[in-house]
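See structure below.
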């Protein structure tokens with residue numbers, strides 16, 4: 008077992024298969040770590056179409072999910088977790104709140120000392136054709152807590168390769184580096200730092216960018232020797248570049264700094280983004296300072 012203190016993980020759910028998949032992914036990712044999972048349902052959380060009876064074997068009298076008491080759904084959800092996600096290191100707790108999703112999540116963060124939020128998402132093609140839904144988007148942008156976004160088709164097989172896109176405009180604080188290191192150490196993953204540049208030739212960095220790049224790569228060489236790399240991808244639209252990079256390098260997860268708002272905007276919230284495969288298969292680890 009990894010020598011971590013107990014991790015407190017918040018999992019907001021709407022009782023859909025996407026929510027279940029997010030919990031399963033997190034449980035597998037942290038299988039060697041003592042974890043308390045806090046499963047949260049907020050009554051006005053935007054409901055997606057779900058088949059609760061099929062998912063949880065709820066009696067026929069409760070075939071329509073909207074007529075099922077939320078406590079019944081939560082009990083069924085946790086019962087399934089206890090049966091399918093057996094791990095002596097893991098405990099599951101439930102919480103049903105009413106009102107604002109953001110306020111409810113903030114309350115849980117304060118009361119439970121939450122280390123990580125894990126959320127499922129359907130990916131592009133739903134919820135106004137955005138890459139992630141409005142609930143996950145609100146949490147990423149308004150809640151200062153590391154968040155793992157698990158798309159609909161993501162399954163945990165291994166976590167060999169994580170990519171870290173960056174423009175080196177953000178200084179890497181100890182908290183950012185600690186978050187990166189913890190996710191890398193879970194499965195002794197490799198981290199590929201990648202910079203998407205315009206133009207040819209040498210990198211056109213400012214002095215601050217050059218110093219930040221050197222600092223990051225020196226840190227990775229010291230703390231994760233032999234498990235990091237750096238490369239530049241030029242003359243490609245960012246989304247297309249990431250798509251190609253994820254496929255060619257067999258990336259299992261994308262790590263992103265939350266303060267990189269321009270990058271997040273392009274990656275998550277641009278309704279012009281066409282459906283591309285990694286949005287439905289590759290989890291994204293959003294790191295807050």
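In my numbering, the protein residues as written are 8 to 296. Just so it is clear, CB atoms sit at the ideal spot from N, CA and C, and this is done for glycine as well.
- If you look at residue 234, you'll find it isn't in any beta strand (DSSP E); DSSP assigns it neither H nor E.
- When DSSP reads this structure, residue 104 sits in a beta bridge with 49.
- If you check the CB distance, residue 227 and residue 235 come in under 7 Å.
- With a cut-off of 8 Å on Cβ pairs, the stretch 239-248 is not in contact with the stretch 152-168, counting fewer than three such pairs.
- About 6 Å separates the Cβ atoms of residue 18 and residue 44, confirming a contact at the 8 Å cut-off.
- Taking a C-beta distance under 7 Å as the contact criterion, residue 108 and residue 49 qualify as a contact pair.
- Beta-bridge analysis with DSSP links residue 204 to 241.
- Within the same chain, and ignoring the five residues on either side of residue 105 in sequence, the residues whose Cβ sits closer than 6 Å to its Cβ are 50.
- Excluding its 5 nearest sequence neighbours in each direction, residue 121 has C-beta neighbours in its own chain below 8 Å: 15, 16, 17, 45, 115 and 152, listed in chain order.
- Distance between residue 25 and residue 264, taken at the CA atoms: about 24 Å.
- In this structure, residue 170 lies near residue 261, with their beta-carbon atoms less than 7 Å apart.
- DSSP, read as helix, strand or coil, puts residue 112 in helix.
- Per DSSP, the unbroken beta strand (DSSP E) holding residue 264 starts and ends at 260-264.
- Cα atoms of residue 175 and residue 200: separation of roughly 10 Å, rounded to the nearest angstrom.
- Residue 87 and residue 166 have their C-alpha atoms spaced approximately 25 Å apart.
- When secondary structure is reduced to three states using DSSP, residue 126 falls in the strand class.
- DSSP places residue 87 in the uninterrupted alpha helix (DSSP H) bounded by 77-91.
- In the structure shown, residue 42 adopts extended strand secondary structure according to DSSP, grouped into three states.
- Shown here, residue 30 sits in a helix according to DSSP, grouped into three states.
- Straight-line spacing of the CA atoms in residue 229 and residue 82 works out to 46 Å.
- Comparing alpha-carbon positions, the option among 287, 290, 295 and 258 lying closest to residue 267 turns out to be 295.
- For residue 257, the closest alpha carbon among the candidates 196, 42 and 216 is that of 196.
- By the Cβ neighbour-count rule, residue 221 is exposed, with fewer than 16 other Cβ atoms within 10 Å of its own.
- One Cα belongs to residue 36, the other to residue 125, and the distance between them is close to 11 Å.
- In this structure, residue 34 sits near residue 92, with a CB-CB distance shorter than 7 Å.
- Residue 98 sits in a strand when the DSSP states are folded into three classes.
- Burial state of residue 178 is exposed, judged by a 10 Å Cβ sphere holding fewer than 16 other Cβ atoms.
- Straight through space, the alpha carbons of residue 172 and residue 203 are spaced by roughly 8 Å.
- CA-to-CA, the gap between residue 253 and residue 96 works out to about 32 Å.
- The C-alpha of residue 102 lies about 25 Å from the C-alpha of residue 161.
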